[in-house]
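Colleague:
Protein chains in written order, with the UniProt record's numbering: chain A, 1 to 319; chain B, 1 to 647.
#1: Given that residue 91 of chain A touches chain B, what residues does it touch there, using C-beta distances under 7 Å?
#2: Please state the DSSP three-state secondary structure of residue 575 of chain B.
#3: Give the C-beta separation of residue 226 of chain B and residue 117 of chain B to the nearest angstrom, bearing in mind that I take them to be a contact with Cβ-Cβ under 8 Å.
#4: Taking all protein chains shown into account, decide if residue 146 of chain A is buried (16 or more other Cβ within 10 angstroms of its Cβ) or exposed.
#5: Please list, in chain order, all residues of the same chain as residue 305 of chain B whose beta carbon is under 6 Å from its beta carbon, the five residues on each side excluded.
#6: What distance in whole Å lies between the Cβ atoms of residue 441 of chain B and residue 434 of chain B, which are believed to be in contact at a cut-off of 8 Å?
#7: So residue 658 of chain B and residue 427 of chain B are in contact, right, with Cβ under 8 Å, and what is the actual spacing, rounded?
#8: For chain A, find out if any of its Cβ atoms is closer than 8 Å to the Cβ of residue 498 of chain B; answer yes or no.
#9: Please classify residue 603 of chain B as buried or exposed, where buried requires at least 16 neighbouring CB atoms within 10 angstroms.
#10: Can you tell me the Cβ-Cβ gap for residue 407 of chain B and residue 206 of chain A, rounded? I've got them flagged as a contact below 8 Å.
#11: Could you pull the start and end residues of the alpha helix (DSSP H) that residue 430 of chain B belongs to?
#12: Residue 125 of chain A by DSSP, collapsed to three states: which one?
#13: To the nearest whole angstrom, what separates the beta carbons of residue 195 of chain A and residue 30 of chain A, a pair I think is in contact under 8 Å?
#14: Note down, in chain order, each residue of its chain lying with its Cβ closer than 8 Å to the Cβ of residue 117 of chain A, except the 5 sequence neighbours on either side.
#15: Relative to the C-alpha of residue 143 of chain A, which candidate in A:34, A:237 and A:184 has its C-alpha closest?
#16: Which of the residues in the segment 374–389 of chain B, read from start to end, lie with their CB under 9 Å from any CB of chain A?
#17: Quickly, what does DSSP pair residue 161 of chain A with across the bridge? List them, please.
#18: Using a C-beta to C-beta distance shorter than 9 Å, which residues of chain A count as neighbours of residue 365 of chain B?
#19: Could you tell me the boundaries of the beta strand (DSSP E) in which residue 136 of chain A lies?
#20: Please classify residue 148 of chain A: does DSSP put it in a helix, a strand, or coil?
#21: Nearest to residue 92 of chain B by CA position, among B:125, B:596 and B:163, is which residue?
#22: Between which residues of its own chain and residue 100 of chain B is the CB-CB distance below 6 Å, once the five residues before and five after are set aside?
#23: If you measure between the beta carbons of residue 109 of chain A and residue 339 of chain B, is that distance less than 8 Å?
#24: Residue 215 of chain A bridges to which residues according to DSSP?
#25: Checking the sheet assignment: what are the DSSP bridge partners for residue 171 of chain A?
#26: In angstroms, rounded to a whole number, what distance separates the CA positions of residue 294 of chain A and residue 422 of chain B?
#27: Have a look at B:53, B:152 and B:302 and flag the residue whose alpha-carbon is nearest the alpha-carbon of residue 79 of chain A.
#28: In the DSSP assignment, the alpha helix (DSSP H) including residue 610 of chain B goes from what residue to what residue?
#29: Locate the beta strand (DSSP E) running through residue 537 of chain B, then write down its first and last residues.
#30: For residue 118 of chain B, does the three-state DSSP call read helix, strand or coil?
#31: Who are the Cβ neighbours of residue 251 of chain A in its own chain at under 8 Å, not counting the five residues just before and after it?
#32: Are residue 28 of chain A and residue 176 of chain A touching if we call contact CB-CB under 8 Å?
#33: Could I get the ranges of all uninterrupted alpha helix (DSSP H) runs contained in the segment 309–345 of chain B, with 4 residues as the minimum, in chain order?
#34: Identify the contact partners of residue 470 of chain B in chain A, using a Cβ-Cβ distance below 9 Å as the criterion.
#35: Just to confirm, is the Cβ distance from residue 261 of chain A to residue 239 of chain A under 8 Å?
#36: Strictly below 9 Å CB to CB, what residues from chain B border residue 167 of chain A?
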């Protein structure tokens, strides 16, 4: 049995070496949120390594010392009911460990849910990220442009991703910027990221959503604010307007490559937030939207009216 | 409906499976007829209400499901062995990981545990059978036909393909238009009713039928773990029943509980599923803890260290198990406050679990450790399961979980919990109690070899997945490109999976070989064990104990062997036994028919099936069957025969 423990240790070092050549994405952050998470992970690994060590040492010592083959034939194991002090130790120390980890968890969870420290005063760049079938749509309402399956962001500026889905639950994940969050059809969820380095990063849906799920990847490119502005102007100058017909066609196509458009689909197919939300939970709700709880958000993608035309009466009896 | 919509077509592997299903069925029918075993099968097995036979049937079914689910796992690892592999297409892969999850949890782990429960618990408490033997048979046949219904989906109509969690709206008719998810909803419902009845049955059995003198705190640890598990079953399974019923209404009758349209709540399904799903994890792990407690104590030749704290920690785990479900979807956007609370409740489970680990370690201390096959699995459990445990604490930290969620890191974690936790335990339990059931031990040399192959292959298969997760590989991807760099670690994992397959092959060979050649045990107590089940003969007579034992202490059989205690002092008396009945089996067949009709929305057959169920319930209600009595003379004869004396 001692061999078992050794084997485990050997194998883990071997694997560390194997993977050591290429960085583990999650532990190679490009922004403060992912950095916080990487630190949390490393910290928890160290604490847990201590726990493992204690268990493994006791295990190896007891197994080597008390195997029948090493004991005299007439050895009679004693009756042991338990020991109050030992019990107190192995309850108190884990409780302490859990308490420390709890504090760390609550702090870091709060931190990664907010705009990163130091960036609170900057106006965030809002990007809507919507999944449909097996692709991602990115809308920049202020810049008035839209992309599919790739997203460019400026460095050192907070980016507020607002996620929702035109179908099954998906999960929006850019490991090097920070952890994931679900995109759902009846509400908008938010992630606040900052990219502090210029880099090309992998982003993907991590929640199984049907046949084309494995290919639901997109590229995140962080670039200097100047380059970002150039790119926005470039798209505006060269790409055609996204029309509702074009967008519906996009929604119906299972897989597409990269695309860029002037305008956003939000104007004719708004995100499920505020008065468009499925169940009116979320802080963005306005006071009069309680009446909309029955709205047919499943047909969101067929809505053919302009956002500005929305009113309560048109809403509930659409289609 | 055309025939090619009814049968799954176009997949050479599935044609192969169809052919083998037909061949095996024909072989079974021909074999039974040729050896004139139909009557034997009906009298001794299909109609039995004996807890030992029902337990054996559970275990056989679970082993079959282990191979079905294992084959799914092997195919998954085959597909992922290298980038852009073409072994399976997306649809086939999606079906396979769905059925792998459902089968391994609900049709392998649980029935295996319930099988061991059936065999051992009445013996450990000195009872003649469970409280409701007929109900026990109903439980088994509902589980069995639920499992069969789920399994035929793979050749008729198509398997479910939305993951074992079947999240909506993916599982709604809009995104999963085939009958696959109907199979999921109905087969799980039928099996789930059986499980719920098992839970109730064993609570009553343990509360009411303990031998005189066996107070709750003198109960063997396995029985304690089963009692707590059954309480969890009784609280958790009704949630599944309701969730599946709502799902069925959505899918068959146009309901909108979880759909995207008309105010359906996809998040409600996720909550209901995990309110059942998390306690379910403890339903399969707590009895495993009980099994390990028995084995470690037996082969350390020492009483279980910290018995009271072991019981208290299990009660604490069972209570906490209902307070952690939201950690399965921290990423659903319920904010830092809710996530913080669920992080703390989740991490709190580490404390009672740690108490158990330390108590097992201190049971070993000052013991006289014998390395038998069941003990090897139990010992390996401690270091490997601890890896699963500490990574569980890491996953419990919400901020970090945003990076682990849905990745291979999570997959590695729960396999590190469930395989050394549950699978090693049921294998260890099978080796340990095998001589009690069949009167001989499984070969030790082969058993140890099998153990090493399985334990090493397990780590080779699942350790790389931790790193793959941190590299950004998500679960349920049927393929990946070479640029991701996922290739080498996946290949290692797939090689490990082949090793696991070889290990389980050796396990079957070990059973086969031992049936033919292993020397028979005449003592009834081949391991020099401590608890009551070893105080009767092996194989066990129908009535378990000729004389009801009188218990004075926890390790009463051990103390009896040491001459400190007398167990069987009373005179022989007539024994009251329950009669066999074909009704549970017939009820199972009708449920299968009803379920199959519902899956395809064939309303007339479904109504006939539903009426059939009602008729069976009616027959049972008005039946008067008070069982039968075994006279003293016959008990004497049986006892003499089992002691090896000539009659």
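No residue lacks a Cβ here, since even glycine has one placed at the ideal position from N, Cα and C. All of these numbers come straight from a predicted model, not from anything done at the bench.
Modeller: Reading off the structure:
#1: 351 and 355
#2: strand
#3: 5 Å
#4: buried
#5: 359, 362 and 363
#6: 7 Å
#7: Any property of residue 658 of chain B remains undetermined from this structure, which presents chain B solely from 1 to 647.
#8: no
#9: exposed
#10: 7 Å
#11: 424–438
#12: strand
#13: 6 Å
#14: 32 and 111
#15: A:237
#16: 376, 379, 380, 382, 383, 384, 386, 387 and 389
#17: A:127 and A:191
#18: 58, 61, 62, 65, 66 and 80
#19: 135–140
#20: strand
#21: B:163
#22: 69, 72 and 73
#23: yes
#24: Paired residue(s): none; residue 215 of chain A is not in a bridge.
#25: A:182
#26: For residue 294 of chain A, the predicted model reports a pLDDT of 43, less than 50, meaning its position is unreliable and no value from the coordinates is stated.
#27: B:302
#28: 603–621
#29: Element bounds for residue 537 of chain B: n/a, residue is neither H nor E.
#30: helix
#31: 132, 133, 166 and 301
#32: yes
#33: none
#34: 19, 24, 25, 26, 27, 41 and 175
#35: yes
#36: 169, 170, 174, 175 and 260
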